Amino acid sequence: MSFPTEAELKAILLKVVAMSKADECTAQITGTTTGNIRFALNNVSTSGIVTDTQLSVQVAYGKRVGIATINAFDDAALERVVRRAEDLAKLAPENPEFVPAVGKQTYRASPTFSAATAAITPEYRAKVANASIAPCKAEKLVAAGFLSDTNRFVAFANSRGNYGYQTGTTLDYTCTVRTADGRGSGWVARNLQDSTSFDAGTEIRTAMRKASASAEARALEPGKYTVILEPAAAAGLISFMMRFFDARQADEGRSFLSKKGGGNKIGEQVYDPRVSFTTDPWHPEAPVMPWDEDGVPREKMALVDGGKITNLNYSRFWAQKQGKRPVGQAGNLLMAGGTRSTADLVRSTERGILVTRTWYIRMVDPQTVLLTGLTRDGTFFIENGQIKYPLKNFRFNESPIIMLNNIDELGKPIRVGDDEAEMVMMIPPMKLRDFTFTSLSDAV
Amino acid sequence: MLRRDFLAITGLVGGGLVVPAAFGKVIAAEALQSTMDVAIKKRLADAALAAATGAGATYCDVRIGRYLRQFVVTREANVQNVVNTESTGVGVRVVANGAWGFAATNDMSSDGVAAAARQATAIAKANAGSQTAPVQLAPVKGVGEVSWKTPIVKNSMEVPIKDKVDMLLQVNAAAMAAGADFVNSILFLVNEQKYFASTDGSYIDQDVHRIWTPMTVTAIDKASGKFRTRAELSAPMGRGFEYLDGKPADRFVSPNGVVNYGNSYDMKADAIAAAKQARAKLTAPSVKPGKYDLVLDPSHTWLTIHESVGHPLELDRVLGYEANYAGTSFATLDKRTANFQYGSDKVNIVADKVQVGSLGYVGYDDEGVKTKRWDLIRDGKLVDYQSIRDQAHILGKTESDGCCYADNWASVQFQRMANVSLLPGKAKLSVADMIADVENGIYIVGDGSFSIDQQRYNAQFGGQLFYEIKNGKLGAQIEDVAYQIRTPEFWNACSAVCDESDYRLGGSFFDGKGQPSQSSAVSHGSSTARFNGINVINTARSLG
């Protein structure tokens, strides 16, 4: 299904904004088409397409806010949704943290759209499933996987003259391959904005290789080990840590970025000097919308530079309260690294453990961001630069803050998204000392 | 529901304009009180059934759903968000040429639903080509036109928003007055108005209500930079607003005075207790790691049951259908044949879709099967799984267990967890008597951190409140406790379960499964239970 043109969307938005009698009005239209195919036990189980287009209207009378949404776009429907939002606003309690809508902005478009991804068809999805299943069947392996592709647009306008429009696409593919006897399991994931470079037939080989290679796993005593976390394995831990990069939380004293006695740790050395995190909506491999959910323009910004905290995410309310210039909330996360691949890191490791994937990560202690979780789908022992044998899976209890102070080497960042991370990220493979495994798991 | 959807709606991140698509449209609170005319629903359903069979379907079911939600979100003295949402539409599922097909529409006209039924039939026929074995449905006898309603006393949707806001702000004020530095409290209400019709001759109208009151109370010691939180000790329930009446008879007071709740909840009293207990956590001594006998309150045990029994006994996981997402299961079919010793003889676990007050309580599941209760583990031995109509034959059963659920009209129904609960001990046993038998133990109240592997062997759980037990007596509040288990060893270490006078429910509002992910709500009941010799780790770390 094709979406309305930008001109059509803009005309609707301006009509809605003009209809409102409230002190201010913001209208936003979002549209998504998501297609998917799911397979398990070497058979396609479900496939589908969901299209949704929605108009949201937010109005304010003083500090009273009302929101209403609708999925019809005739004049009567537009009138109805505006009046409903106004009625709700009049009844709403005052929000003391209300900040008026952003004024007119100039947004620099980011390259979030791929025509190839937007053109994906049911036949394409079926081919991806077949390209995953057929080689597994041929080698008596069992595949279970999921492909999801999204084509979306967002357009908004407000009564202060602001307007924005952009389109975007993503493709997310995951596949778990198990040996027929259930003793080996491998996994592969790809998250892309542009599907042109995606080839399930190539990707599936990684999961197949790991499934076969992990079948005769040996037990290693839990303890502290040098590990190489593949980017997907590291991303989940980094993701949890980034939840604490909220300035208000830090200033309120409930974050590892809170300072003893009050305030936050901006300017303090918190990580190894090789650790740098930036956010940049225009990054060619991990682009995101050039504005945040409030319409505040995003900027290229360092959150951590040389291991020091340089910026936190400020909501508009908190920025105003703290006298800070509001910058759009980070939409992606780019961790700096080196140039070497995971395989290169393995080659330079005397003794260590390679972790393909981490699973069921949960917060144990927010004070230190202590996280627990497990390895799965390919954990291997490395000796003298070579993978020697598969290992039984471990449970870990580790803080990403401690982990990012125990760095041996960072490799070349790759894109990770969706299942493994809450936002699109570029994460390097990382070799880390003294990573804490606390027990063994019998799970394959 | 995805975490990001929950955060978006509760206003904890980003702007209020982002309403997750699965929630549908934002509506006025008054619209939450209306229902659809059953006669109209029957007419639509008949149009879909006729269109599907006319197109060659051998089976068809139609779900006409109106999914209503209300969120009231506050922190301290502020209301952060009040949102009412409605998602209405029709999902049609068919079997044609031995294969499943599904299509959904929000076009609520006879022509619209008939078109969806024909589309579902076309999809089924297309899928039939690659189907290795035809769908086998366990028989269901049509029940004609029936209705069912959660037995609520007070419809939450009819309570004015002002009353709800006032209640939460009073709760927050009470917590702050009792020493909290911050408090977040939320009212989350759900009403699923579901109509099911099938070619088996059933027309089932159901009105399902649920309520949840999440709360986080934070205490801070600015000088040391230490912070601690205590979450609510309530449970999400399949009840109306009467759950918040906080009746004295529903208070369960432990031997050291910690108050837990049963069929109703006193949110204000719990907020005051939470503020004091969060403050006490700041100076509580750290646990010494080692083996302990754990005495687990039902407000904690529900999550351990959920993860280590409920999930591994879902038949689709056992068979491998969830291998790429939720995972598989250690409890393979051969273990049922061998009557695998899952736990000690104290362990009797049932699946139950008819338990009053539970989140999973419905009259019929989402494929028209009348709900029931059945044994999963009897005297410690594995005896059964949870199944739906197209799985029953795999277990040699002639009927479905009634575990089919879809979280929306636009989602395909599939096998979801029933309420799975540990039965109370048969002999009279109080919590005090249970603790009196413990030499070196820890008493754990409330659910905390939880993590388990993809086959449900190795798990780690935290909690909200921890108290030392020494020589039969409850002692000091301690901190930094987590226990690690291997599922069969843990359940075989169950040495006692208190009697039915201590039985309560806990539960999850958002149990995720499937790709695309769907969420379901499920309860788990137990009385306080004891597990001997469990490995406890210390979770304190220093960041230098």
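So the sequence lines, in the order shown, correspond to chains H and W. Numbering-wise, our numbering puts 51 at position 51 of the first sequence, and it's gapless, one number per residue. Numbering-wise, our numbering puts 1353 at position 353 of the second sequence, and it's gapless, one number per residue. Glycine residues also receive a C-beta, built at the ideal position from the N, C-alpha and C atoms. Computed from a prediction, not measured in an experiment: that's the story for all the values here.
Which listed residue (the options) has its alpha carbon closest to that of residue i
i: S1526/W; options: H1306/W, S1198/W and A1280/W; result: H1306/W
i: D1266/W; options: A1175/W, V1159/W and R1317/W; result: A1175/W
i: E79/H; options: K21/H, P100/H and G373/H; result: K21/H
i: K140/H; options: P100/H, S185/H, I238/H and F156/H; result: S185/H
i: A991/W; options: Y1321/W, Q1033/W, S1344/W and L1315/W; result: Past the boundaries of the shown model lies residue 991/W; chain W is included only from 1001 to 1544, so the question cannot be answered.
i: G1091/W; options: A1117/W, F1509/W, A1173/W and F1531/W; result: A1117/W
i: D419/H; options: V1536/W, N1324/W and D1366/W; result: N1324/W
i: S441/H; options: L391/H, P428/H and P111/H; result: L391/H
i: M1036/W; options: K1473/W, K1397/W, A1178/W and E1192/W; result: E1192/W
i: A234/H; options: T375/H, C25/H and K63/H; result: T375/H
i: I70/H; options: A1028/W, A1114/W and V1095/W; result: A1028/W
i: C175/H; options: T226/H, L147/H, Q166/H and S195/H; result: L147/H
i: V1165/W; options: R1336/W, A1482/W and A1077/W; result: A1077/W
i: N1471/W; options: N1440/W, D1480/W and E1500/W; result: N1440/W
i: T112/H; options: P122/H, S195/H, F3/H and D75/H; result: S195/H
Proximity test, Cβ basis, 8 Å: residue i and chain W
i: K392/H; result: no
i: E252/H; result: yes
i: D418/H; result: no
i: A330/H; result: no
i: A336/H; result: no
i: I204/H; result: no
Chain H contact for residue i (CB, 8 Å cutoff)
i: A1048/W; result: no
i: A1410/W; result: yes
i: L1543/W; result: yes
i: D980/W; result: The requested residue 980/W is not part of the displayed model; chain W covers only 1001 to 1544.
i: V1094/W; result: no
i: S1264/W; result: no
i: G1525/W; result: no
i: Q1484/W; result: yes
i: G1098/W; result: no
i: S1130/W; result: yes
i: G1320/W; result: yes
DSSP-derived helix/strand/coil call for residue i
i: R1541/W; result: coil
i: Q1119/W; result: helix
i: A1048/W; result: helix
i: R351/H; result: strand
i: K1470/W; result: strand
i: I1204/W; result: strand
i: Y124/H; result: helix
i: Q1033/W; result: helix
i: T53/H; result: strand
i: T1398/W; result: coil
i: Y1059/W; result: strand
i: P231/H; result: helix
i: N1324/W; result: coil
Under 8 Å between C-beta atoms of residue i and residue j
i: L13/H; j: I37/H; result: no
i: S1523/W; j: D1511/W; result: no
i: L88/H; j: I67/H; result: yes
i: T1085/W; j: G1024/W; result: yes
i: M1215/W; j: A1271/W; result: yes
i: S1308/W; j: I1452/W; result: yes
i: G1293/W; j: G1533/W; result: At residue 1293/W the sequence reads Asp, which differs from the Gly that was named. Yes, these two residues count as a Cβ contact at 8 Å.
Quiz prompt | Near-chain H residues of the segment 1409 to 1436 of chain W - C-beta to any C-beta below 8 Å | solution = A1410 and V1412
Quiz item: Which residues, in order along the segment 349 to 367 of chain H, keep a beta-carbon less than 8 Å from a beta-carbon of chain W?
Solution: W359, Y360, I361, R362, M363, V364, D365, P366 and Q367
Quiz item: Of all the residues that make up the segment 83 to 98 of chain H, which are near chain W by a beta-carbon distance shorter than 9 Å?
Solution: R84, A85, D87, L88, L91, A92, P93, E94, N95, P96 and E97
Exercise. Closer than 8 Å, Cβ to Cβ, to anything on chain H: give me those residues from the segment 1177 to 1206 of chain W, in chain order.
Key: D1181 and F1182
Quiz item: Along the segment 1066 to 1079 of chain W, what residues have a CB closer than 7 Å to any CB found in chain H?
Solution: N1078 and V1079
Quiz item: Taking any Cβ of chain W, which residues in the segment 41 to 60 of chain H have a Cβ under 9 Å from it, in chain order?
Solution: L41, N42, N43, V44, S45, T46, S47, G48, V50, D52, Q54, S56, V57 and Q58
Quiz item: Between the segment 1224 to 1239 of chain W and chain H, which residues of the former have CB atoms less than 9 Å from a CB of the latter, in chain order?
Solution: S1224, G1225, K1226, F1227, R1228 and T1229
Exercise. With 8 Å as the limit, tell me which residues of the segment 1461 to 1482 of chain W have their beta carbon closer than that to any beta carbon of chain H; keep them in chain order.
Key: G1462, D1480 and A1482
Quiz item: Looking at chain W, which residues of the segment 168 to 181 of chain H have a Cβ within less than 7 Å of any of its Cβ atoms?
Solution: T174, C175, T176 and R178
Practice problem: Taking a Cβ distance cut-off of 9 Å, strictly less, list which residues of the segment 237 to 262 of chain H are near chain W, in chain order. | Solution: D246, E252, G253, R254, S255, F256, S258, K259, K260, G261 and G262
Practice problem: Quick one: which residues of the segment 1509 to 1522 of chain W get their C-beta closer than 8 Å to a C-beta of chain H? List them in chain order. | Solution: Q1515 and P1516
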